[in-house]
Amino acid sequence: MFLVRNKEKGVLAEDRQPGTPIGPWYDDLNKLTNEELMRMYNVISTGSYEFAKNAWYFPIGGDQRCPIMIAKGYKLPITSNEMIDFQDIALGLEKQFKEFVDAWDYGKITTRDIENAILELFEVRSIKIIQD
């Protein structure tokens, strides 16, 4: 369990360090819980998974989930019913995290940008990650 110091969204912008990516995608990332951010951070920092782009609706031919799907903990659909559910979930997440999804799909951000943004969000939320 993390102890978290809550801050208002308006204060978040004032706490940004110079050189930190700023944009609507960052605000979308800030919508994720600490657990979801940690899940995404772990996948990025270990290099254990290559996130898909433009794979929201038809993840055919392997595991093709974007960073938001990973953060939310959604697994690869196996059955046709799971595929239908996956598509419905993907549509909802795409609307909720539109700026992040667009920035990711169009190559405006990299996994390094996301990793740095997550570390900053943890710092702002008073969660420290110790890197080796």
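To convert, count from 1 in the sequence shown and add 1189; that's my numbering. Even for Gly, the Cβ is constructed at its ideal location relative to N, Cα and C.
Under the three-state DSSP convention, the category residue i falls into
| i | result |
| --- | --- |
| residue 1239 | coil |
| residue 1259 | helix |
| residue 1278 | helix |
| residue 1215 | helix |
| residue 1315 | coil |
| residue 1254 | coil |
| residue 1351 | Because the chain spans 1190 through 1321 in this model, residue 1351 falls outside it and cannot be assessed. |
| residue 1300 | helix |
C-beta atoms of residue i and residue j nearer than 9 Å
| i | j | result |
| --- | --- | --- |
| residue 1232 | residue 1255 | no |
| residue 1229 | residue 1303 | yes |
| residue 1214 | residue 1297 | yes |
| residue 1217 | residue 1288 | yes |
| residue 1261 | residue 1280 | no |
9 Å Cβ cutoff, residue i in contact with chain D
| i | result |
| --- | --- |
| residue 1287 | Among the chains of the structure shown, chain D does not appear; only one protein chain is present. |
Nearest-angstrom Cβ-Cβ length linking residue i and residue j, presumed shorter than 8 Å
| i | j | result |
| --- | --- | --- |
| residue 1294 | residue 1243 | 5 Å |
| residue 1299 | residue 1240 | With 8 Å as the limit, residue 1299 and residue 1240 do not qualify as a contact, their Cβ atoms being about 10 Å apart. |
Does the pairing of the stretch 1269-1282 with the stretch 1221-1236 give three or more beta-carbon distances under 8 Å?
no
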